[in-house]
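According to the working numbering, the stretch in the sequence shown is residues 287 to 438, in order.
Just so it is clear, CB atoms sit at the ideal spot from N, CA and C, and this is done for glycine as well.
So the structure is just underneath, and the comments pick up after that.
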Amino acid sequence: MDYISFDSIPHYPECAPLVEGLGYHLVELKIVPAKTVTKISAVITAKDPEKNIGVDDCAKVHHALQPRLEALLKTEDTAMELTSPGIDRNIRNAAEFELFAGRMIRVWSRTVNDWVSGRIVNSDKKSVTLETEDGVKTVVYEDIAKAKFVQI
């Protein structure tokens with residue numbers, strides 16, 4: 287699994303503080319210019335790992351984030367979709383582990399050829415540390431083939 291810094295994602299550094307000020311984390315931001323409209327998709331999660339994201343949360347962030355992006359992109363011809371990560375999200379970027387601290391996940395470790403499940407305790411640019419049933423386990427990103435939420 288690759289670690290891609292959020293700061294390298296276009297317009298993420300300008301949008302993340304706005305979303306965090308509303309009480310959420312910006313997990314994903316994709317901007318795709320098309321012929322007539324610029325398509326924007328964003329994913330948010332609550333700062334509290336026990337809290338779920340609902341329609342009201344998405345609407346609150348959407349109303350604040352879309353005008354910011356339109357100003358940054360210098361266009362009002364946008365279509366924006368804002369969602370929660372969902373209950374069975376596949377983690378695509380290792381940088382996401384930091385945003386999901388405290389949540390239950392499972393990772394497919396190439397070193398043990400099996401799933402390792404646990405609560406995210408810590409993460410950095412090289413590895414994620416999980417609190418498992420067998421104790422604390424650190425898995426380096428290059429050993430992770432897949433990662434996803436554990437449904438509780």
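Compute the Euclidean distance between the alpha carbons of residue i and residue j, then round it to the nearest angstrom.
i	j	result
Glu-382	Gly-340	20 Å
Gly-388	Gly-307	20 Å
Trp-394	Ile-430	6 Å
Gly-421	Pro-319	47 Å
Val-402	Arg-392	5 Å
Val-305	Pro-371	15 Å
Pro-303	Gln-352	14 Å
Arg-396	Lys-346	40 Å
With a Cβ-Cβ cutoff of 8 Å, do residue i and residue j count as a contact?
i	j	result
Leu-416	Val-426	no
Val-313	Leu-368	no
Leu-315	Ile-290	no
Asp-343	Gln-437	no
Thr-390	Phe-435	Per the sequence shown, the amino acid found at residue 390 is Met instead of Thr. Cβ distance < 8 Å, so Met-390 and Phe-435 count as in contact.
With H, G and I counted as helix, E and B as strand and the rest as coil, what does DSSP make of residue i?
i	result
Pro-319	strand
Ala-345	helix
Tyr-310	strand
Ala-357	helix
Ala-381	coil
Ser-409	strand
Glu-300	helix
Ser-294	helix
Using DSSP's beta-bridge definition, name the partner residues of residue i.
i	result
Phe-261	Nothing about residue 261 can be read from this structure; the chain reaches only from 287 to 438.
Ser-403	Arg-392
Thr-424	Thr-415
Ile-339	In the DSSP output, where bridge partners are listed per residue, Ile-339 has none listed.
Val-329	Glu-314 and Thr-369
Less than 7 Å between the CB of residue i and some heavy atom of the ligand MN, yes or no?
i	result
Leu-315	For the ligand MN, the structure offers nothing, since it holds no ligand at all.
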